[in-house]
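Below you'll find the structure, written out as structure tokens, and then a few comments.
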Amino acid sequence: MPNNLDLILNKYDLISLFVAENDEFRSVNSENARFTEKQMRQSMVVLKQTMSALQGINFKKMVIRGNGHLSVFIQDSNKIVGYVAKEELEDDKIIGSLNATVVEAKPEAVPEVEEKKEEVVVEEKKEEIIEEKDFDARVLNDINKIAEEYLEDFTYEIIENIKSDIGMKDSDKYSSKLLSKYIDGLEQSASMLIGPTRAEEMKDKMKKLLV
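In this note's numbering, the protein residues as written are 286 to 496.
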């Protein structure tokens, strides 16, 4: 597949763009994007779970509108194309652009300009200090039970994705730092499914187990 995502992002003034094909996942973001690659991958989990629940429906396209932007998912042969934009594009335009051969433009000669060096003051960020403490596996099970109350059928796949993302392995003991990272990942995924308010409520219940 031609690697022309950046060209398409700029050509159609998109906010985010990704292509998932087989085991390959590629994405690009504009400077105004508030989405990370991890969030894009999580959106794929939600899409797959939704289509699994709606058995018998042949998925071609899904559009989610809100807050002046829209998210679009298009099924094209064996790949899924997703983008976030201010307005919807014609499917043929973006699919055709993705399949087009990349033509690299020759850089234009730019007159040399003497660069002015500005003094940059970097403000040092204070990191939150997390007191290390070990918890046994029972606490992780209790966290997962709370997740199941809120996420229901989505729980297993989301849990496995987050474990993989943060490198969490099965163990008898887990550090408070690792469990906090795990809970933050659950909240981030849950906000896409049940909304930020309920996701935060779920997170608060989980955090109380670490006190």
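Note that CB positions come from ideal geometry on N, CA and C, so glycine has one too.
Here the structure is a predicted model, which means the values were calculated and not measured.
Judged by beta-carbon spacing, valine 313 lies within the 7 Å limit of aspartate 291, meaning their Cβ atoms are closer than that value. Straight-line spacing of the CA atoms in alanine 318 and lysine 418 works out to 36 Å. Looking from the CA of valine 366, the closest CA among Leu374, Glu372, Val357 belongs to Val357. When C-beta atoms of the segment 461 to 477 are compared with those of the segment 424 to 437, three or more pairs fall below 8 Å, so the two segments count as touching. For leucine 464, the closest C-alpha among the options Ile444, Ile479, Asn289 is that of Ile444.
Exclusion of the five residues before and after isoleucine 451 leaves Leu463, Lys466, Tyr467, Gly470 as the residues of its chain whose Cβ lies within less than 8 Å of its Cβ.
In the three-state scheme derived from DSSP, where H, G and I count as helix and E and B as strand, tyrosine 297 is classed as coil. Under the three-state reduction of DSSP, methionine 347 is assigned to strand. Distances from the alpha-carbon of lysine 296 to those of Leu383, Arg311, His354 put Leu383 closest. Where serine 476 is concerned, the enclosing alpha helix (DSSP H) starts and stops at 461 to 479. In this structure, the beta-carbon distance from serine 315 to isoleucine 293 does not fall below 7 Å. Bounds of the beta strand (DSSP E) holding aspartate 361 are 354 to 361. Looking at the DSSP output, asparagine 314 shares a beta bridge with Ser301. The straight-line gap separating the alpha-carbon atoms of glutamine 327 and isoleucine 447 is approximately 10 Å. Looking at the backbone, the Cα of lysine 493 and that of isoleucine 428 are separated by about 10 Å. The Cβ atoms of lysine 371 and isoleucine 431 lie no closer than 7 Å to each other. With respect to valine 330, glutamate 485 sits apart: the two C-beta atoms are not nearer than 7 Å.
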